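Below you'll find the structure, written out as structure tokens, and then a few comments.
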Amino acid sequence: MKLTPSKLNTFSMFKLPAAYLCGVRVKELNAKKCMVSVKHRWINQNPFKSMFWAVQGMAAELSTAAIMIGKIQDSGKSISMLVVSNEAKYTKKATGRINFTCAQGELIDKILNKAIETGEGQTIWLESVGVNEEGIAVSIFRFEWSVKLKNR
Numbered sequence: 010m011k012l013t014p015s016k017l018n019t020f021s022m023f024k025l026p027a028a029y030l031c032g033v034r035v036k037e038l039n040a041k042k043c044m045v046s047v048k049h050r051w052i053n054q055n056p057f058k059s060m061f062w063a064v065q066g067m068a069a070e071l072s073t074a075a076i077m078i079g080k081i082q083d084s085g086k087s088i089s090m091l092v093v094s095n096e097a098k099y100t101k102k103a104t105g106r107i108n109f110t111c112a113q114g115e116l117i118d119k120i121l122n123k124a125i126e127t128g129e130g131q132t133i134w135l136e137s138v139g140v141n142e143e144g145i146a147v148s149i150f151r152f153e154w155s156v157k158l159k160n161r
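With the first letter of the sequence shown counted as 1, position 98 gets the number 107 in the numbering used here; the numbers rise by one all the way through.
So, in structure tokens, the structure goes:
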């Protein structure tokens, strides 16, 4: 079964309800990148009339996770994944629609292949940049993912 934005959004409705209720939606997913979008609304605002940092983090993390999930699924292997660290930088108030994009599909391929070949756990830093409707970056998130081939 091919992973699609529609399937991921349905999944989030049941398994990630906070993200779903805040309006986090996968818009694009392919072998090279994943884009997740969220619009500033009453339910996801902070007291400063912009998007709450945690909502931005949910969207950013999903953009890195979705592409990794798709690639793990495509590998046919049983591989676990877990965020072990993260960093964030905020550069502008997040208002309007913010699109978070992770475009590191080729790097994910390399690290998954290494995990499969060696049987050892690997870590990878993935970046997601949140851009507003004017094309200006409002936040940059980095997530350190750990991947490991599961023992059967």
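Glycine residues also receive a C-beta, built at the ideal position from the N, C-alpha and C atoms.
Bear in mind that the values here come from a model prediction, so they are computed numbers and not experimental data.
Under the three-state DSSP convention, the category Glu153 falls into: strand
Taking C-alpha atoms, which residue in Lys24, Val140, Lys123 and Lys42 lies nearest to Ile133? Lys123
Nearest neighbour of Asp118, chosen from Met22, Cys43, Met77 and Tyr99 [CA to CA]: Met77
If you drop the 5 nearest sequence neighbours on each side, which residues of the same chain put their C-beta closer than 6 Å to that of Met67? Ala28 and Val33
Taking the alpha carbon of Val64 as the reference point, which residue from Ser137, Val47 and Leu116 has its own alpha carbon closest? Val47
Between Ala146 and the rest of its own chain, which residues show a CB-CB distance below 8 Å, the 5 nearest in sequence each way excluded? Thr100, Lys101, Val138, Gly139 and Val140
By Cβ distance below 8 Å, which residues in the same chain neighbour Ile149 in space, the five residues on each side in sequence not counted? Ala97, Lys98, Thr100, Glu136, Ser137, Val138 and Gly139
Near Ile81, what residues of its chain come up, given a Cβ to Cβ distance below 6 Å and the 5 sequence neighbours on each side ignored? Ile88
What are the residues that DSSP puts in a beta bridge with Met44? Glu37 and Thr110
Would you call Glu142 buried or exposed, if buried means 16 or more other Cβ atoms sit within 10 Å of its Cβ? exposed
Quick one, are the C-beta atoms of Met44 and Thr110 less than 8 Å apart? yes
Just how far apart, CA to CA, sit Ala69 and Ser84? 23 Å
Going along the chain, which residues of its own chain have a beta-carbon closer than 7 Å to the beta-carbon of Lys86, five neighbours each way excluded? Ile125 and Leu158
Opening and closing residue of the alpha helix (DSSP H) in which Asn18 lies: Pro14 to Lys24
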